[in-house]
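In full-length UniProt numbering, the protein residues as written are 1 to 213. Backbone N, C-alpha and C define an ideal beta-carbon position, used for all residues, glycine too. Worksheet: the structure to be examined is printed underneath.
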């Protein structure tokens with residue numbers, strides 16, 4: 001009887017020790033699952049924001065191309081008609097129109113800003129959760145939207161008058177003679193509007209990423 005009782009007590013002790021070890025192993029394994037879950041969430045959020053930051057950088061490169069094209073095209077626009085005398089010469093240049101001069105200055109400012117903003121965009125790629133750089137870019141991008149849109153709209157009004165004229169004020173349609181001049185300034189205005197659209201997309205992207213913070 002004593003040997004039977006001792007064997008049963010040993011069996012109970014072994015089973016209790018095994019069950020205790022099983023519970024300890026289960027408790028020890030539980031935090032590992034929680035830790036893995038908490039680590040996966042920031043990685044996914046950072047990856048999404050890093051993708052948006054890369055797209056932001058690509059848009060800035062496209063905007064630089066459009067703004068520089070608008071600046072150089074308008075700034076080099078000059079046409080002289082072939083029929084002129086010794087005393088009279090018919091010439092059209094962009095600096096003859098204040099709206100075109102403003103257009104060149106505004107797009108040059110936008111081009112310079114875009115070049116300077118590239119390092120901040122790279123910072124947003126490396127550190128997707130950096131809200132300060134995104135807020136700074138959002139503010140200046142909004143200013144550039146207004147600047148490029150105003151310059152393009154003012155130049156577009158002059159281009160329209162150059163193409164159509166205005167009989168009420170006796171403004172002649174000079175594009176009938178200065179065809180190359182009008183084609184170049186029209187192309188510059190289109191490029192500036194494209195740059196303004198890129199700026200608008202940049203503002204939307206920055207606002208969306210900041211809202212997700």
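For residue 183, no beta strand (DSSP E) segment is defined; the enclosing uninterrupted segment is the alpha helix (DSSP H) at 179–211. Beta bridge pairing from DSSP links residue 93 with 78.
The three-state reading of DSSP puts residue 170 in coil, since its state is none of H, G, I, E or B. DSSP places residue 163 in the uninterrupted alpha helix (DSSP H) bounded by 131–164. In the assembly as shown, residue 56 is a buried residue. Its beta-carbon has 16 or more other beta-carbons within 10 Å. Per DSSP, the continuous alpha helix (DSSP H) segment holding residue 124 begins and ends at 98–126.
When Cβ pairs closer than 8 Å are counted between the two stretches, the stretch 139–146 is seen not to touch the stretch 161–177, the count staying below three. Burial state of residue 185 is buried, judged by a 10 Å Cβ sphere holding 16 or more other Cβ atoms. Residue 52 sits buried, since 16 or more C-beta atoms from the chains shown fall within 10 Å of its C-beta.
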